[in-house]
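Be aware that the sequence shown starts at 7, since it is given in the working numbering, and climbs by one per residue. Here a beta-carbon is modelled for each residue, glycine too, at the ideal position from N, C-alpha and C.
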Amino acid sequence: MPEVAELAYTPAVAAATAPIFERMKRVVPAIEWPFHAPLVHAINELKRERNAVILAHNYQTPEIFHGVADIVGDSLALAARATQTDADVIVLAGVHFMAETAKLLNPAKTVLIPSRNAGCSLADSITAADVRLLREAHPGVPVVAYVNTSAEVKAEVDICCTSGNAVEVVESLGVDRVIFLPDEYLAKYVATQTKVEIIAWKGHCEVHERFTGAEIEDFRRRFDRLTVIAHPECPPDVLEAADFVGSTARMIDYVGSEKPPRVLMVTECSMSDNVAAASPETEFVRPCNLCPHMKTVTLSSILESLQTLEPRVEIPDALAVRARRSVERMLAVKPK
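Here is the structure:
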């Protein structure tokens, strides 16, 4: 790590980072910026030296999302954009399955995950052995895996999807039944949007499963003119209580196009901060459920990862070939 003096909030650092702070001043208190700015400055300088690019998921904190990220978005956007970079090094500010996906699509590049503890409850809810048992129980039925799965699971399935393209992926298979894993609530939502029969696995996101329909109705009583938009990983009673249901990207698009005066985004709460920074006309009500895994990625861990080029994401070649196939099939599905 740099010496403490090198990470001081000097007049030069303040001047260099002032335009960056301007983008997030609505959601990052000015009193905090002197602590973030030296790290932001050091990371952005080191990115140029390393020919590195930082991909950040929408659930990252604003100082990462707006301060050091080069490419931001949901899991589908990050997967697609990962194939378009000329950088030698990809730093995935997200969780491990996202870094694995970036490595699958960029096998010749160095892919770093700044935190070894950035896991995912959904990815942990199913194994490759589970998929093989599902195939035995439902012979001939194709298997669709949410990208929130390990490379080992991706290697066992027919095609991947995200919350943004799940319906299109399911219908692209041209069959009457599919196995959909691991998110049970997303599977139930997809089942309401298609005539294809969905056989669901019972995995859940530990962030979204904590929301309840009763909680949403309580927010409506407390806040007038409240528009509720929810991620389909939430339980069915939450989706029924919402005004709009959509993927991370579609939630952001909804706020940008509809410009509701007051909105409740039923998802990981850093996303509300990141959207709020770009939506001054909208007031955000924040039911703050944090992803504990996303929050293990910090500015300090990103800087250390760039300095050491560790931890690296490595996937055995034979496994990568099989897992890559299901991701590439997903990317080939054209949106409606």
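**Item:** Contacting residues, own chain, Cβ-Cβ under 6 angstroms from F217 (five flanking each side not counted)
**Value:** Position 211 of the sequence shown, counted from the start, is the residue given in the question as residue 217. Sequence-distant Cβ neighbours of F217 in its own chain, meaning closer than 6 angstroms and more than five residues away, are C240, V244, V272.
**Message:** Please identify the residue among I37, R328, V173, K340 whose C-alpha is closest to the C-alpha of A134.
**Reply:** As a working note, residue 134 is residue 128 in the sequence shown. Out of I37, R328, V173, K340, R328 has the C-alpha closest to the C-alpha of A134.
**Message:** DSSP three-state label for Y195, please.
**Reply:** Here residue 195 refers to the residue found at position 189 when the sequence shown is read from its first residue. Y195: helix per DSSP, three-state reduction.
**Simplified DSSP assignment, three categories, for D76** = By 1-based counting over the sequence shown, the position of residue 76 is 70. D76 falls in the coil class under three-state DSSP.
**Prompt:** Roughly how many angstroms separate the alpha carbons of T155 and A220, rounded to a whole number?
**Reply:** Translated into the one-based positions of the sequence shown, residue 155 becomes position 149. Translated into the one-based positions of the sequence shown, residue 220 becomes position 214. Their backbone Cα atoms lie some 30 angstroms apart in a straight line.
**Request:** Could you check the C-alpha separation between T168 and Y152 for me, to the nearest Å?
**Result:** Within the sequence shown, numbered from 1, the residue matching residue 168 stands at position 162. Within the sequence shown, numbered from 1, the residue matching residue 152 stands at position 146. So the alpha carbons of these two residues sit roughly 6 angstroms apart.
**Message:** Please return the same chain residues whose Cβ sits closer than 6 angstroms to the Cβ of L179, not counting the five positions on each side in sequence.
**Reply:** Residue mapping note: residue 179 aligns to position 173 of the sequence shown, counting from 1. P148.
**Request:** Starting from G209, follow its DSSP beta bridges and name the residues at the other end.
**Result:** Position 203 of the sequence shown, counted from the start, is the residue given in the question as residue 209. Beta-bridge pairing links G209 to D189.
**Prompt:** In whole angstroms, what separates the C-alpha of M7 from that of T314?
**Reply:** As a first step, residue 7 is located in the sequence shown; it is residue number 1 there, counting from the start. As a first step, residue 314 is located in the sequence shown; it is residue number 308 there, counting from the start. Note on M7: pLDDT 46, under 50, position unreliable in the model; the coordinate value appears next. If you take the alpha carbons of M7 and T314, they lie about 9 angstroms apart.
**Request:** Taking all protein chains shown into account, decide if A21 is buried (16 or more other Cβ within 10 angstroms of its Cβ) or exposed.
**Result:** Here residue 21 is taken as the residue at index 15 of the sequence shown, counted from 1. Label assigned to A21: exposed.
**Message:** Threshold first: 3 residues or longer. Then list the beta strand (DSSP E) segments lying entirely within the stretch 86 to 156, N to C.
**Reply:** Whole beta strand (DSSP E) segments, 3+ residues: 95 to 99, 116 to 118, 149 to 152.
**Prompt:** Is the CB-CB distance between H63 and M300 below 8 angstroms?
**Reply:** By 1-based counting over the sequence shown, the position of residue 63 is 57. By 1-based counting over the sequence shown, the position of residue 300 is 294. For H63 and M300, yes; Cβs fall inside 8 angstroms.
**Prompt:** Over what stretch of residues does the beta strand (DSSP E) that includes T314 continue unbroken?
**Reply:** To locate residue 314, count along the sequence shown from 1; it is residue 308. Segment 305 to 314 is the alpha helix (DSSP H) holding T314; no beta strand (DSSP E) there.
**Message:** Taking its Cβ as the centre, do 16 or more other Cβ atoms sit within 10 Å of E274, making it buried, or is it exposed?
**Reply:** Numbered from 1 along the sequence shown, position 268 holds the residue referred to as residue 274. In this structure E274 is buried. Its beta-carbon is surrounded by 16 or more other beta-carbon atoms within 10 angstroms.
**Asked** Alpha carbon to alpha carbon, how far is H47 from V19?
**Response** The residue labelled residue 47 in the question sits at position 41 within the sequence shown. The residue labelled residue 19 in the question sits at position 13 within the sequence shown. Distance between the alpha carbons of H47 and V19 is about 7 angstroms.
**Cβ-based burial, P238 [other Cβ within 10 Å; buried from 16]** = Within the sequence shown, residue 238 is the residue found at index 232, counting from 1. The residue is buried, with at least 16 neighbouring Cβ atoms inside 10 Å.
**Asked** Does the Cβ-Cβ distance between V181 and M336 come in under 8 angstroms?
**Response** Reading the sequence shown from its first residue, position 175 is the one you call residue 181. Reading the sequence shown from its first residue, position 330 is the one you call residue 336. Not a contact, by the Cβ cut-off of 8 angstroms.
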